[in-house]
Amino acid sequence: MHRLILIKHSVPTIQADIPSNKWVLNNEGKDRAKVLAEKLSIYHFSKVYTSPEPKAVETAEIVAAFHKKPLEKLTNTHEHLRLTNRKIYPEAEWMDLMKHFFEEKDTLLFGEETASEARARFDQAVRKLIKQHSYEEDILLVAHGTVISLFISMYNKRIGRV
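Residue 114 in numbering that gives the first Met the number 0 sits at position 115 of the sequence shown; the count goes up by one each step and never skips.
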């Protein structure tokens, strides 16, 4: 039976003057990705899939290199589009914004897509990926916290109520 292993990218360098979809890993993020790579040895995957965003690609490259597996960038697995909203919020304000984002899935609260649109895009990409694999092979995808959470909430009703 194959398993879908969804991995949030490692720790990036947060820079207010650069859109978040261009952020790269900091040194801590690179070190954590190496630790993660070792822990993924229990899975049986033939390739590491990744969002095309640099922080995800770097995480995936570290995992792929450790396991000597090829890497493939997948379209439509990027984070919620927020190119026009580049503000770095204080943590409490950010958490409140994200709470509303998850509760009001069809309302465009910030960025260029609603939570429902981001979830549907990511879901379609993951479903396509699953269809391409045999039942015996695990699927490893490095992506982003928001779209992974939206995706999981669609299939886990207990999480979906949060």
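Glycine included, every Cβ here is placed at the ideal spot set by N, Cα and C.
Quick caveat: nothing in here was measured; it's all calculated off a predicted structure.
Using beta-carbon positions only, say whether residue i and residue j come within less than 8 Å of one another.
i: residue 72; j: residue 49; result: yes
i: residue 142; j: residue 76; result: yes
i: residue 42; j: residue 122; result: no
Below 8 Å on the Cβ atoms is my guess for residue i versus residue j; work out the distance and round it to an integer in Å.
i: residue 149; j: residue 124; result: With 8 Å as the limit, residue 149 and residue 124 do not qualify as a contact, their Cβ atoms being about 12 Å apart.
i: residue 144; j: residue 7; result: 5 Å
i: residue 81; j: residue 101; result: That belief does not hold up - the Cβ atoms of residue 81 and residue 101 are roughly 15 Å apart, past 8 Å.
Roughly how many whole angstroms lie between the Cα atoms of residue i and residue j?
i: residue 14; j: residue 26; result: 15 Å
i: residue 16; j: residue 146; result: 23 Å
i: residue 58; j: residue 93; result: 24 Å
i: residue 153; j: residue 115; result: 10 Å
i: residue 104; j: residue 140; result: 24 Å
i: residue 21; j: residue 1; result: 32 Å
i: residue 162; j: residue 113; result: For the chain, the structure presents residues 0 to 161; residue 162 sits outside this window and is missing.
i: residue 161; j: residue 151; result: With a pLDDT of 43 at residue 161, under the threshold of 50, the modelled position of that residue is not reliable, and no figure is offered here.
i: residue 69; j: residue 45; result: 8 Å
i: residue 52; j: residue 30; result: 19 Å
i: residue 24; j: residue 18; result: 14 Å
i: residue 33; j: residue 83; result: 32 Å
Practice problem: Run through the stretch 13–75 for me and flag every whole beta strand (DSSP E) of 3 or more residues, listed as ranges in chain order. | Solution: Positions of the beta strand (DSSP E) runs, each at least 3 residues long and wholly inside the stretch 13–75, are given as 47–49, 70–72 in order along the chain.
Quiz prompt | Contact the stretch 86–101 vs the stretch 51–68: 3+ CB pairs below 8 Å | solution = In short, these stretches do not touch, since the Cβ pair count stays below three.
Quiz prompt | the stretch 91–104 touching the stretch 121–137, judged by at least three CB pairs closer than 8 Å | solution = Because the criterion of three Cβ pairs below 8 Å is not met, the stretch 91–104 and the stretch 121–137 do not touch.
Quiz item: Along the chain, which unbroken stretches of the alpha helix (DSSP H) at least 4 residues long are found entirely within the stretch 90–157?
Solution: Correct list: 90–102, 114–130, 144–154.
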